[in-house]
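The number in my numbering is simply the position in the sequence shown, starting from 1, with 1338 added.
Scroll down for the structure; my scribbles are underneath it.
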Amino acid sequence: MMTERRSDFVLKSGYMVKRSQNKKRFTPVNYKTRWFELTRFYLSYYDIGNLEKRRERGRISVKGVRLVEPALLHGEGGDAAAPDGYPFQVGYCESDGIYPGTTLPQYTLYLVADSEKDRTEWISSIRKVCEEYSPKSFSYHLGLWLGRKWSCCRSLNRRAIGCQAATGWPEYNNNPSKHGTIDYRLLCYKHSTHVCNDHQGEISGDQIPI
């Protein structure tokens, strides 16, 4: 495992708090500090033990990443157990998942960085290594799915289209809205008008409250 994990150059590494993904039903939500490493191929996370004895706990292929955006874990309707910090999200599909070709993420990994600077660097670094791969999401949910509804837009459908316009990508084909096929107003059709208007100004990282 150590040879495999060190076989590619680590572009960025550091500690972050990870929210459990709860891929299985009826599993409790928890937050744990993990050691993260980003290479050209994977975002991997490990136990926080001795460097040479760290056990890999999971990895995400950069080819499956659909979005990398700030997140809002606290706030009205959010997760009261979420730790303080600067959260962001990585939406992705697994290569063997049931949604390998869709822009809609199959899973979302929520991470909490120690500082705004660190969050910005992580978002930038992850987006850089996966920007050449298609497809990407044109929208996302700023908040959390908390069992019955989204904390951001209050939608009751877990697979509902995101209520926020996603950040554009350098690769032209990864920006459906630039082809004229997607209008942000279509997102508001799925949610109440005042919800969309309230959240349109929260897209950039420096506007997301802790």
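Cβ atoms here follow ideal geometry from the backbone N, Cα and C, with glycine treated the same way.
Pull up the DSSP beta-bridge partners for A1503, would you. Taking the sequence shown and counting its residues from 1, one reaches residue 1503 at position 165. Per DSSP, S1477.
Using CA coordinates, which residue listed in Q1444, T1377 and L1381 is at the minimum distance from K1362? Counted from its first residue, the sequence shown places residue 1362 at position 24. It is Q1444 whose Cα lies nearest to the Cα of K1362.
Once you ignore the five residues that flank M1354 on each side, which residues in its own chain have a CB closer than 7 Å to its CB? Here residue 1354 refers to the residue found at position 16 when the sequence shown is read from its first residue. Answer for M1354: R1372, F1374, L1449, V1450 and A1451, listed in chain order.
Quick one: give me the first and last residue of the alpha helix (DSSP H) that E1454 is part of. By 1-based counting over the sequence shown, the position of residue 1454 is 116. Note, E1454: alpha helix (DSSP H), E1454 to C1468.
Taking the alpha carbon of Y1384 as the reference point, which residue from S1351, F1364 and V1406 has its own alpha carbon closest? Residue numbering aside, residue 1384 sits at position 46 when the sequence shown is read from its first letter. Ranking S1351, F1364 and V1406 by CA distance to the CA of Y1384 puts S1351 first.
Closest by C-alpha distance to R1395, when choosing among A1503, Q1359, S1489 and S1493: Within the sequence shown, numbered from 1, the residue matching residue 1395 stands at position 57. Of A1503, Q1359, S1489 and S1493, the residue nearest in Cα terms is Q1359.
Pair every Cβ in the segment 1384-1393 with every Cβ in the segment 1407-1426, then say whether three or more of these pairs are closer than 8 Å. Between the segment 1384-1393 and the segment 1407-1426, the count of Cβ pairs shorter than 8 Å is below three; the stretches do not touch.
Nearest-angstrom Cα distance between A1419 and S1489? Reading the sequence shown from its first residue, position 81 is the one you call residue 1419. Reading the sequence shown from its first residue, position 151 is the one you call residue 1489. C-alpha separation (whole angstroms): 14 Å.
Would you kindly check if the distance between the Cβ of S1477 and the Cβ of A1498 is under 7 Å? In the sequence shown, counting from the first residue as 1, residue 1498 sits at position 160. In the sequence shown, counting from the first residue as 1, residue 1477 sits at position 139. No.
Got a sec, what are the start and stop residues for the beta strand (DSSP E) E1407 sits in? The count along the sequence shown starts at 1 and reaches residue 1407 at position 69. V1403 to P1408 is the span of the beta strand (DSSP E), which, as asked, contains E1407.
Over the uninterrupted beta strand (DSSP E) stretch that includes E1375, give me the two end residues. The sequence position of residue 1375 within the sequence shown is 37, counting from 1. Taken as a continuous stretch (DSSP letters only), the beta strand (DSSP E) holding E1375 covers Y1369 to L1376.
For Q1427, write down the residues that DSSP places opposite it in a beta bridge. Translated into the one-based positions of the sequence shown, residue 1427 becomes position 89. Residue pairing for Q1427: DSSP places it in a beta bridge opposite E1407 and Y1448.
For D1346, the nearest candidate out of N1368, K1356 and Y1380 (CA to CA): Taking the sequence shown and counting its residues from 1, the one referred to as residue 1346 is at position 8. Answer by Cα proximity: Y1380.
Which first and last residues belong to the beta strand (DSSP E) in which G1396 is found? Counted from its first residue, the sequence shown places residue 1396 at position 58. Its beta strand (DSSP E) spans residues E1394 to S1399.
For L1484, the three-state DSSP class (helix, strand or coil): Numbered from 1 along the sequence shown, position 146 holds the residue referred to as residue 1484. Residue state, collapsed to three classes: coil.
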